[in-house]
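Working notes for the structure below.
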Amino acid sequence: MNKINSLFTEFPKKGITLIEASAGTGKTFTIIKLYFTLLFNTFLKKKKYNYSIKNLLLLTFTKNSQLELKSRIFNYFKKIKKKYIQKKKILKNKTIEDTFNFFEKIEKNICDLEIYTIHSFFWKILIENQFICSNEIPKKILKNIHKLLLKSTKYFWRKIFYTLEKNVLYILLKKWKTPIILYKTIISFTKFQKNIYKIYPTREILTKQHNHFLKIIKNTKILWIKEKKKILPFLKNFKLNKRIYTLKNTINWINQITKWAFEKTKDYFLPKILKYFSNQKLKFKKKNKNLKNLLIFQNIENLLQTNFSLNEIFLKLSTIEIFFIFQKIKIKKNYIDFDDINKLILKNIKKKKSLLKKNIQKKYPIIFVDECQDIDMIQNKIFLFLYQKSKINSLILVGDPKQSIYSFRNADLKYYFFFQKIAKKKYFLNTNYRSSPNIVHAINELFGYKNFPFILKKLLYQNSKINMKNKHFSFFVKNVKQKSLKFFLCSQKQITKKEYFKISAKECAYSIANWILLKSQKKTTITFQKNKHINLLPKDIAVLVKNKNEAKIIKKELSKINIKSFYTSEKKNFFLKKITLEILWILEYILDIENENKFQKILLTKFFYENIYEIHQINLKIKKKIKIQKKIKKYSKIWKKNGIFEMFYNIYQNSKNIFKINYKEFIKIITILEKKDQTIKNKIFFVQWLKSKIQKNSEYSIDDQEISNFSKNYVQIITIFKSKGLEYPIVWIPFLNFYDQKINLFFKTNIKIQKKNIIIQNIHKNCKNLEKKNFSEELRLLYVALTRCQIHCCISLAFILHKKKKNNNSLNFLLKNRINKKKLFFKNYLQNTSKNIIQIYDTKTILKFKNITSFYKKKNIQKNFIKILLPWEILSYSKILKKQKKNIQNIHFFSKNNQKFNTKKKINVYTSYNFPSGKEYGKLLHKILKNINFFKISKNFQINLKKYSDLISKKKQNFLSKWIYNIIHCPILSHSFSLNQLKKNQYIQEMQFYIPIEKQFDVIKFNKIIKNFDFNSQILPEIEYSCITGMLTGFIDLICFWNNQYFIIDYKTNLLGPKNKDYNKKNIKIEIMKHRYDIQYQIYSLALHRYLKNNLQNYQFTIHFGGIIYLFLRAFDNIKNKNGIFFHQPKKILIEKLDLLFSGK
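First residue of the sequence shown: 1, per the UniProt record's numbering; consecutive thereafter.
The structure is reproduced here in structure tokens:
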């Protein structure tokens, strides 16, 4: 291969040119440089060159790489512009004005860059040339095939399983119990459609094969019954193993097999003991040479060798039929998928004198294809038809066969090797600009030793060169420079798969935690330049895994040590859940109450639905309809006043089917909607936004652009497949030592039909080839994983035992023949390599820490670097009080007020002191005061018995009306102020509030704040409560406005004694401390403070906040009462500090 420097002088060559770029060798930079050389040469008016931005095409495979290419072209253009315009440089044989005009032209047209993914480009061509194309082009692209395939499998399931025989069904249902299990196995076979069509098994074949298997088993059973008496004397003539073939064992085995022989054959069950009577086991020297073997032994051997399974035939049958059903549904619904787009283009380009081919060649004389190693069969043919024989156009392919890891997307390296043969010019990039010299040396040593490190003979490895600018790349822990590669070797000689995953996950979590812990002390640093140490951040660490199961294991271990981490491929979408759809229906009906169809939708939701009979009655009776409409109008008013969260929370509380609604999901969705409701003020636009989110069926996943928005305190967990093209200073590869050698049943067998008999053959060649391909991809995965690292890489190793075979992993293969055969690990080889590059670390030291969380609790770790995984709860004063009962009992001064009063005696005349106590009566008084208009109450006031008929008798009615009159007319703060003076616009009754707990409810900090700044809380013990996240909520009885100040009033029905004197200030203070009302008024005052801060202009706490008033209602026996009133003015510092605590600052 030629050097890359010669490419810029010879470029562009007509036909196909191939650029092989190893990992980190500046692949995208060369594409951009070549792109701009073409533009510069056209400006300089060279004979060969006549290109513009609209003529040059760049193709990639993913949207992320498309966006990256665009952004890097923009940045490169800005740099060139600065060089030439700011420094007033001139291009060859051009004036300053010409150069300035040239850059202006590019700047205008740079937004029209022709950069696409391959599928989006082909789709664009089809739409532009739809009149030229022979077939009609469907309008809808099917981006997600899986839903439609699942639908077709379900249809196939119903079609076939209801028609098959019971015996066949019984066998098939053991393997595939549901259509979803069948779908998961078939999903990988859709790409092998052409191979499927050669063999077409029908349903009749399944029954025939089933009967054929049963015949074989029956014949052996009959033969066994015939020859069972001859078996025991016959075995005496053999020199058998006496430990195994004892007299007891043989008699027991014969009896068990005879039982099985007399049973009916319904399935393919074979007893395990049969193997002791096969020819293979009985291949020992005979005592008598003239003795002939019994037929039963040979028959048993044949029986054991046959593959008794209908799975292979059923799989091939199901793949064909499901694929046909899938195609039919696509045609009906006028869908087109990405494979169909490729096929349509190939069909139209293949034609003689095709206009589509000419149009593409005219419009795009040069095409750059990035990551060309991932091209599939159809794409390969398209590019060959376009540019193989053309003398004018040129195709530039850029890729690395060592990074071909997308076989699940039909990518095959044979197409890349084919391009290698055809290409007129080949270039190679081999200087690594990404990694440190030590890492480059380590990778070269691993892959450079063997002739064929990737098994495939055509895929060779060339050593990468070092970039000396990266010589200062280093990683320091406690001011000690770390070696670039660190192997964690398990001390145990043999280990299972589960043990390996546990140990390596602990190793990974422990080492990351150690770095972060030392980072807080500024003892872990990274250097990219000389003597410039940068503190290590969690975002600089990446853990590479193969799948989501591995990611879960790592995430669990990191969460145990309270380290923040996120999985980049995690998919969550709350908008696709049924609750969101029901919420949308409610919102749509609120905006359009007269619409009857929307009303019927609301009745079907979990919030309003009871049963079908009740819905039918609602539709018949108009009164019930009007009631529901009135309710919804009330909810719409709450939405306008207090927001969407409070509205839906009220709907949730009033709904009869609360147990059917998932509370956590419901709260999460409402919090998302609450945030969006604050930005989108128009209700119609808000509903349209929600509708659009539900209609988009694509799952929500964390993209590369969103990763940058994450906090610096998150460790990234990313798949090796997604990490391609990315780079990280520190990389952890925990589970690369494990390799799963599974091959599908679809490829293991071949079906032949000869004279109505079916023969299932094992294809050993196919299996071996597939094993080679899979293992070579495993080696390429290792290469991709190692090349993501810039400075430091950690790998966990162990000797894993399978049930049948030893695990031949990628590292074991690379280091074979370089280590002692007696040793199970690579320790000898690794120790002999350069000591500056590789370090070996024994897991014994890590495994000593059985409880890692307790180890980290002892250390002082900054909370900025550690995530505390806490449960999500709705917190309230009553919840806090439940956990304080033990502390309250220990306080000595509560014993004074613990006298019990007999309220069960028959009462002739009711007073405020002998009136029944309890929760029910307390709620009753609160309800009465809630529904009263204070300004309108006179001496003739009477309570309505219809509203409270359950608790109020006629005797209590007169007393209650007088008592409430006394409460409202009694002076509170001074002789001038009482509740009857408040007009309706001067107070809010039963105000509900929500205070979000942003990070966590830190109990230690809360205790410190209230003890330092509240004299009532100083005497009392500390609050005990577990740290949580979520929402703080409650109801304030009354908020009133008097003398330009806002007051909180709370009603208390506590019984302190039989006289008015018992409600003095001392007893009230004791009652407040006993029930911890200090916490209640602190929470209430914070809620009012936040409310006034958001709704009142020029709000100041000292001026506008009046205070808290507690009214002990039993003391109000007359209008001139002075007892039973508690007033408190909280400090400004207390409320401000609590506000900061709950906002997470």
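For every residue, glycine included, the Cβ atom is placed at its ideal position computed from N, Cα and C.
Whether residue i touches residue j by CB criterion (8 Å)
i, j, result
"Lys564", "Tyr714", "yes"
"Ser723", "Arg788", "yes"
"Glu301", "Gln327", "no"
"Asn432", "Ser464", "yes"
"Val543", "Trp732", "yes"
"Ile997", "Leu815", "no"
"Ala509", "Glu557", "yes"
"Asn380", "Tyr415", "yes"
"Thr117", "Arg72", "no"
"Ile254", "Lys228", "yes"
"Leu1113", "Leu925", "yes"
"Thr512", "Ile541", "According to the sequence as given, residue 512 is Ile; it is not Thr. In contact: Ile512 and Ile541 (Cβ atoms closer than 8 Å)."
"Asn1016", "Met1073", "yes"
Alpha carbon of residue i to alpha carbon of residue j, nearest angstrom
i, j, result
"Ile586", "Met647", "11 Å"
"Leu386", "His441", "41 Å"
"Leu782", "Leu536", "25 Å"
"His616", "Lys624", "11 Å"
"Leu149", "Thr319", "11 Å"
"Lys457", "Leu384", "24 Å"
"Lys159", "Leu282", "48 Å"
"Ser776", "Lys248", "51 Å"
"Ser354", "Leu315", "40 Å"
"His146", "Thr185", "13 Å"
"Leu581", "Ile694", "7 Å"
"Ser309", "Phe738", "30 Å"
"Phe721", "Lys546", "7 Å"
"Lys483", "Ser404", "29 Å"
"Lys1145", "Ile672", "21 Å"
"residue 1161", "Gly1106", "Since the first residue of the chain shown is 1 and the last is 1145, residue 1161 is not available in this structure."
"Leu57", "Leu34", "12 Å"
"Val369", "Phe447", "27 Å"
"Leu1141", "Pro971", "37 Å"
"Ile80", "Leu59", "24 Å"
"Glu596", "Leu620", "13 Å"
"Phe599", "Ile593", "7 Å"
"Gln529", "Arg434", "14 Å"
"Ile125", "Lys139", "13 Å"
"Asn531", "Asn467", "19 Å"
Own chain partners of residue i with C-beta closer than 8 Å, once the 5 adjacent residues on each side are dropped
i, result
"Ile53", "Leu39, Ile106, Asn109, Ile110, Asp112, Leu113, Glu114"
"Ile707", "Because the pLDDT at Ile707 is just 42, under 50, the model does not fix this residue reliably, and the value given afterwards should be weighed accordingly. Correct list, in chain order: Thr568, Gln716."
"residue 1161", "Nothing about residue 1161 can be reported from this structure: the residues present for the chain run from 1 to 1145 only."
"Lys631", "Asn654"
Proximal residues to residue i (C-beta, below 6 Å), its chain only, five neighbours per side dropped
i, result
"Lys154", "Pro179"
"Phe959", "Tyr910"
"Lys425", "Lys13, Thr17"
Neighbourhood of residue i by C-beta, 7 Å cutoff - its chain only, sequence neighbours within 5 removed
i, result
"Phe666", "Ile579, Tyr652"
Are the segment 781-798 and the segment 473-483 touching, with three or more C-beta to C-beta distances below 8 Å?
yes
Mind listing, in chain order, the continuous beta strand (DSSP E) runs of no fewer than 3 residues lying wholly within the segment 330-399?
366-370, 394-399
Counting pairs of beta carbons, one from the segment 16-33 and one from the segment 392-407, are three or more of them closer than 8 Å?
yes
Could you tell me whether the segment 1024-1041 touches the segment 1094-1101, where touching means 3 or more Cβ pairs closer than 8 Å?
no
Would you call the segment 133-143 in contact with the segment 327-340, where contact means no fewer than 3 C-beta pairs closer than 8 Å?
yes
Counting pairs of beta carbons, one from the segment 987-1003 and one from the segment 1055-1068, are three or more of them closer than 8 Å?
no
So within the segment 21-105, which uninterrupted alpha helix (DSSP H) runs reach at least 4 residues, ignoring any that extend past its ends?
27-43, 63-81
Three or more C-beta pairs below 8 Å linking the segment 932-941 and the segment 973-989:
yes
Per the contact definition of three or more C-beta pairs closer than 8 Å, is the segment 212-226 in contact with the segment 255-273?
yes
Enumerate, from N- to C-terminal direction, the unbroken beta strand (DSSP E) stretches of 3 or more residues contained entirely within the segment 401-432.
425-429
Considering only residues of the segment 1007-1093, which uninterrupted beta strand (DSSP E) runs meet the minimum length of 3 residues and lie entirely inside it, listed in chain order?
1029-1042, 1045-1052
May I have a chain-ordered list of the beta strand (DSSP E) segments no shorter than 3 residues that lie completely inside the segment 505-571?
524-529, 532-535, 541-545, 565-567
Along the chain, which unbroken stretches of the alpha helix (DSSP H) at least 4 residues long are found entirely within the segment 630-658?
644-654
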